[in-house]
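All remarks here apply to the structure that follows.
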Amino acid sequence: QVQLVESGGGLVQAGGSLRLSCAASRRILSVYNMGWYRQAPGKQRDLVARITLGGSTNYAVSVKGRFTISKDNAENTVYLQMNSLKSEDTAVYYCGADRGYGIDSWGQGTQVTVSS
Numbered sequence: 007q008v009q010l011v012e013s014g015g016g017l018v019q020a021g022g023s024l025r026l027s028c029a030a031s032r033r034i035l036s037v038y039n040m041g042w043y044r045q046a047p048g049k050q051r052d053l054v055a056r057i058t059l060g061g062s063t064n065y066a067v068s069v070k071g072r073f074t075i076s077k078d079n080a081e082n083t084v085y086l087q088m089n090s091l092k093s094e095d096t097a098v099y100y101c102g103a104d105r106g107y108g109i110d111s112w113g114q115g116t117q118v119t120v121s122s
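Going by the numbering used here, the first residue of the sequence shown is number 7, and it counts up by one from there.
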């Protein structure tokens, strides 16, 4: 199973920026699609952004234009650049790997807290 480790979360003021990283234990970015998901207290885990094997991206409507997902195949790492953060972005952010039919592996999550 693939091990995924997220980092980069923290406390930031509204309007600020954070960059999350998801490091994979082995070379998977040429095999798996990678996504960032988030879960706020009492809510379900939702897709934030996803990048395919070929580099195509898609975003949740609520983050489009503010967040950017990218990957570095050589470093086995996926990034989520988050700009213009809002209080409603507060959640635990998870990295997930899929091959098109459900998530095969999850990371442990990293907390993002945006203060207003």
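The beta carbon of each residue, even a glycine, is placed where N, CA and C say it ideally should be.
Everything numeric in this text was worked out from a predicted model, so none of it was measured.
Sequence-distant residues of the same chain with beta carbon closer than 6 Å to Ser76, five excluded per side: Counting from one through the sequence shown, the residue named residue 76 turns up at place 70. Same-chain partners within the cutoff: Tyr85.
Hey, Gly113 and Cys28: beta-carbon distance below 9 Å or not? Position 107 of the sequence shown, counting from 1, holds the residue named residue 113. Position 22 of the sequence shown, counting from 1, holds the residue named residue 28. Yes, the Cβ-Cβ distance between Gly113 and Cys28 is below 9 Å.
Where does Ala55 sit, in a helix, a strand or coil, going by DSSP? The residue labelled residue 55 in the question sits at position 49 within the sequence shown. Strand at Ala55.
How should Val67 be labelled, buried or exposed, when 16 other C-beta atoms within 10 angstroms of its C-beta is the threshold for buried? For this step, residue 67 is matched to residue 61 along the sequence shown. With a threshold of 16 other beta carbon atoms within 10 Å, Val67 falls short and is exposed.
Name the two residues that bound the continuous beta strand (DSSP E) containing Thr63. Stepping through the sequence shown from its first residue, residue 63 is reached at position 57. Here the beta strand (DSSP E) through Thr63 covers 63 to 65.
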